[in-house]
């Protein structure tokens with residue numbers, strides 16, 4: 003148990019659907035992250051929030067829309083996805099955004115886009 | 043640009059064998075941090091160790107040990123007397139220590155370790 007909870011664990015959606023991924027951390031951290039993990043590729047940083055402000059948007063297509071209503075919750079809103087967006091989406095948190103920060107990860111949402 | 047290379051895609055060993063996972067990195071930063079994370083089948087990455095670029099002392103934690111060598115830009119991870127529970131994907135990662143985006147972790151592609159009984 004890392005203190006970071008992601009829901010749902012699995013999601014299957016069609017290309018025209020709209021869905022949201024949810025992440026919640028119970029660690030009192032100030033920074034939250036979305037990472038994408040595709041087969042045979044390194045983890046890709048998508049978004050970073052620090053104290054509820056987005057500090058990184060790593061050239062992610064607009065069909066992915068993050069939301070951070072408070073420092074404990076992070077959402078990733080999905081719409082009109084493509085099959086190549088199928089991946090494991092991992093949420094993480096850390097006390098701050100320094101280079102030495104240890105990240106705490108959730109178990110991820112395995113997304114399949116049909 | 044930063045880069046992390048984990049040349050071993052998959053390793054398979056028998057229980058009680060020792061195994062070393064290789065990690066080679068590239069960076070122009072003089073201050074940086076290196077990490078190892080473990081990803082078991084349950085999916086969440088679990089932090090194992092963090093090393094800063096000024097601390098080349100090797101570290102041992104139980105059956106785990108890490109060998110950091112700046113001269114070869116390597117940060118290798120050894121598991122002694124491996125166990126089935128060590129089966130997981132292991133990621134090496136690098137972050138910059140200064141600048142506005144030093145929180146960005148560059149991950150290697152990971153090494154899948156399978157420990158057979």
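Chains as they are written, first to last, in our numbering: chain P, 3 to 116; chain X, 43 to 159. From the three backbone atoms N, C-alpha and C, an ideal C-beta is built for every residue, glycine too. The model shown is predicted, which means the values in this text are computed figures rather than measured ones.
- When P/36, P/81, P/87 are compared, the shortest CA-CA separation from residue 109 of chain P is found for P/36.
- Residue pairing by DSSP places residue 120 of chain X opposite X/62, X/107 in a beta bridge.
- Comparing alpha carbon positions, the residue from X/92, X/158, X/115 closest to residue 127 of chain X is X/158.
- Taking 7 Å as the cut-off, the Cβ atoms of residue 81 of chain X and residue 49 of chain X do not count as close.
- Between residue 113 of chain P and residue 13 of chain P, the C-beta spacing is below 7 Å.
- Close to residue 4 of chain P, with beta-carbon spacing below 8 Å, are these residues of chain X in chain order: 86, 88.
- Put simply, the CB of residue 68 of chain P is far from chain X, with every gap to its CB atoms at 7 Å or more.
- Contact annotation for residue 137 of chain X against chain P: 100, 101, 102, 103 [CB-CB distance below 9 Å, chain order].
- Here the alpha carbons of residue 66 of chain X and residue 114 of chain X stand approximately 8 Å from one another.
- Within chain P, the residues 44, 45 have their CB atoms less than 8 Å from the CB of residue 149 of chain X, given in chain order.
- About 7 Å separates the CB atoms of residue 133 of chain X and residue 87 of chain X; that is less than 8 Å, so the two are in contact.
- Shown here, residue 151 of chain X sits in coil according to DSSP, grouped into three states, outside any helix or strand.
- Close partners of residue 109 of chain P in chain X (Cβ separation under 7 Å): 84, 85, 86.
- As DSSP reads the structure, residue 29 of chain P sits in no beta bridge.
- In the three-state reduction of the DSSP assignment, residue 9 of chain P falls in the strand class.
- In the DSSP assignment, no residue is bridged to residue 70 of chain P.
- Closest in C-alpha terms to residue 69 of chain P, from the list P/63, P/60, P/54, comes P/54.
- Non-local C-beta neighbours of residue 51 of chain P in its own chain, meaning closer than 6 Å and more than five positions away in sequence, comprise 34, 70, ordered along the chain.
- Residues of the same chain with a CB within less than 6 Å of the CB of residue 57 of chain P, apart from the 5 flanking positions on each side, are 50 in chain order.
- In the DSSP annotation of this structure, the continuous segment of the beta strand (DSSP E) that includes residue 45 of chain X starts and ends at 45-47.
- Close partners of residue 14 of chain P in chain X (Cβ separation under 8 Å) are lacking, with about 17 Å as the shortest Cβ gap.
- Under a criterion of Cβ atoms nearer than 8 Å, the residues of chain X adjacent to residue 92 of chain P are, in order, 85, 86, 87.
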